[in-house]
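A short worksheet on the structure shown next.
Numbering (our numbering), first residue to last: 616 to 762.
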């Protein structure tokens with residue numbers, strides 16, 4: 616049962632990711648699903664530690680994270696600042712341009728998800744949402760101890 620559920624979740628993720636990337640490309644934007652996830656994880660105003668993004672959002676410090684970070688920083692959608700308490704750590708802040716891009720990507724993503732799941736019964740989606748709420752890991756973005 617668990618293996619089947621995990622396989623289906625990965626398949627759903629793959630379908631949604633493909634739909635979102637296609638919608639973003641049709642919109643003429645140079646971004647991808649990963650950029651949307653990255654931008655949407657950054658709270659406006661206070662920013663978020665890079666370590667939280669790399670471990671809790673991307674699973675580990677990996678090349679796709681670095682590429683996404685570099686692309687977003689080059690486009691001035693995010694900016695990096697050294698933490699005041701510990702200068703070895705970076706904090707990511709979303710810029711006003713980043714918020715504008717995030718708004719567009721968010722709408723494209725939501726429309727793509729709706730399209731991908733158009734034939735799914737609302738009860739099934741509700742059950743999935745409830746299941747995901749139950750298994751969601753609590754992670755504190757301010758903590759250095761993340762999953």
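Here a beta-carbon is modelled for each residue, glycine too, at the ideal position from N, C-alpha and C.
Being a predicted model, the structure only gives us computed values, none of them experimental.
Roughly how many whole angstroms lie between the Cα atoms of residue i and residue j?
i	j	result
residue 705	residue 686	17 Å
residue 621	residue 710	36 Å
residue 748	residue 742	10 Å
residue 761	residue 750	Model confidence at residue 761 stands at a pLDDT of 42, short of 50, so the residue's coordinates are unreliable; what they give is reported in the following sentence. Near 16 Å, if we compare the C-alpha coordinates of residue 750 and residue 761.
residue 695	residue 714	15 Å
residue 666	residue 692	19 Å
residue 684	residue 745	32 Å
residue 624	residue 732	13 Å
residue 721	residue 670	22 Å
residue 734	residue 717	27 Å
residue 682	residue 724	21 Å
Should residue i be labelled buried (16 or more other beta-carbon atoms within 10 Å of its own) or exposed?
i	result
residue 635	buried
residue 689	exposed
residue 618	exposed
residue 647	buried
residue 629	exposed
residue 626	exposed
residue 633	exposed
Confirm, please, whether the CB-CB distance from residue j to residue i is below 8 Å.
i	j	result
residue 707	residue 668	yes
residue 727	residue 631	yes
residue 649	residue 679	yes
Can you list the beta strand (DSSP E) stretches of 3 or more residues lying completely in the segment 641-718, in chain order? 693-697, 705-709
Across the segment 638-645 and the segment 696-714, are there enough close Cβ pairs to call them in contact, namely three or more that are closer than 8 Å? no
Is there contact between the segment 726-740 and the segment 655-664, where contact requires at least three CB pairs shorter than 8 Å? no
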